[in-house]
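Visitor: Would you mind keeping the following structure in view while I ask a few things?
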Amino acid sequence: MQQNTCINSEYLSCLEACQICAVDCEVCLSAMAGVESHNDCPICCYECIESCLQCVRAMARSSKFTKLYCELCAEICEWCADQCAQHDMDHCKKCAESCRRCATECRNVLN
Numbered sequence: 001m002q003q004n005t006c007i008n009s010e011y012l013s014c015l016e017a018c019q020i021c022a023v024d025c026e027v028c029l030s031a032m033a034g035v036e037s038h039n040d041c042p043i044c045c046y047e048c049i050e051s052c053l054q055c056v057r058a059m060a061r062s063s064k065f066t067k068l069y070c071e072l073c074a075e076i077c078e079w080c081a082d083q084c085a086q087h088d089m090d091h092c093k094k095c096a097e098s099c100r101r102c103a104t105e106c107r108n109v110l111n
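Anchor point for the sequence shown: position 12 equals 12 in full-length UniProt numbering, and the numbering is continuous, going up by one each time.
Right under this line is the structure:
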């Protein structure tokens, strides 16, 4: 398969992290549906999915607002990681880990 060379190569690791994070948050959101939570999980997962996907779209089109989207995405991912990390379930732990990686990659785009 030929790699799309139209996407800014500086975004590739962030794109991957955002996509993985969106999937892991979707899994967590689904698993937490109907489960009582003492914090903002799974609501944070929904917010995180939306911000990750918007960030991916911005990077794909080389939007002049990419850094702003990445900054917001990092903030939302950090919040979601903090919320999900408070739970003992494997899906929450995996979600928190993906969110932290995504936040780091989004912050790298800002530099």
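Yeah, the Cβ is synthetic: ideal placement off N, Cα and C, and Gly gets one too.
Express the C-alpha separation of Cys-21 and His-87 in angstroms, rounding to a whole number.
Guide: Within the sequence shown, the letter at position 87 stands for residue 87. Within the sequence shown, the letter at position 21 stands for residue 21. Roughly 17 angstroms between the two C-alpha positions.
Visitor: Are at least three pairs of beta-carbons, each pair with one atom in the stretch 42–59 and one in the stretch 79–94, less than 8 angstroms apart?
Guide: Judged by Cβ distances under 8 angstroms, the stretch 42–59 makes contact with the stretch 79–94, as three or more pairs qualify.
Visitor: Based on Cα-Cα distance, which residue from Asp-24, Glu-10, Asp-40 lies nearest to Leu-53?
Guide: Against the sequence shown, residue 53 aligns to sequence position 53. Of the listed residues, the one whose Cα sits closest to Leu-53 is Asp-24.
Visitor: Does Gln-54 come out as helix, strand or coil in the three-state DSSP assignment?
Guide: On the sequence shown, residue 54 is found 54 positions in, with the first residue counted as 1. Note: Gln-54 maps to helix in three-state DSSP.
Visitor: May I ask you to report which of helix, strand or coil DSSP gives Cys-32?
Guide: Along the sequence shown, one-based indexing puts residue 32 at 32. According to the sequence displayed, residue 32 carries Met and not Cys. In the structure shown, Met-32 sits in a helix (DSSP, three-state: H, G or I).
Visitor: By Cβ distance below 6 angstroms, which residues in the same chain neighbour Cys-102 in space, the five residues on each side in sequence not counted?
Guide: As a working note, residue 102 is residue 102 in the sequence shown. Closer than 6 angstroms at Cβ, skipping near neighbours: Ala-17, Cys-18, Cys-21, Cys-77.
Visitor: If Cys-106 sits next to Cys-73, beta carbons under 8 angstroms apart, how far is it from one beta carbon to the other, in whole angstroms?
Guide: Locating residue 106 in the sequence shown gives position 106, counting from the first residue. Locating residue 73 in the sequence shown gives position 73, counting from the first residue. Between Cys-73 and Cys-106 the Cβ distance is about 5 angstroms, and since that is below 8 angstroms, they are a contact.
Visitor: Report, in whole angstroms, the separation of the C-beta atoms of Cys-48 and Tyr-69, which I expect to be a contact under 8 angstroms.
Guide: Position 48 of the sequence shown holds residue 48. Position 69 of the sequence shown holds residue 69. Not a contact, Cβ separation roughly 13 angstroms.
Visitor: Leaving aside the five residues before and after Ser-13 along the sequence, list all residues of the same chain whose C-beta is less than 8 angstroms from its C-beta, in chain order.
Guide: On the sequence shown, position 13 is the one that residue 13 refers to. Within the same chain, Ser-13 has close Cβ partners Glu-105, Asn-108.
Visitor: What residues in its chain sit with their C-beta under 7 angstroms from that of Asp-40, if we drop five residues either side in the sequence?
Guide: Residue 40 sits at position 40 when you count from the first residue of the sequence shown. Correct list, in chain order: Gln-83.
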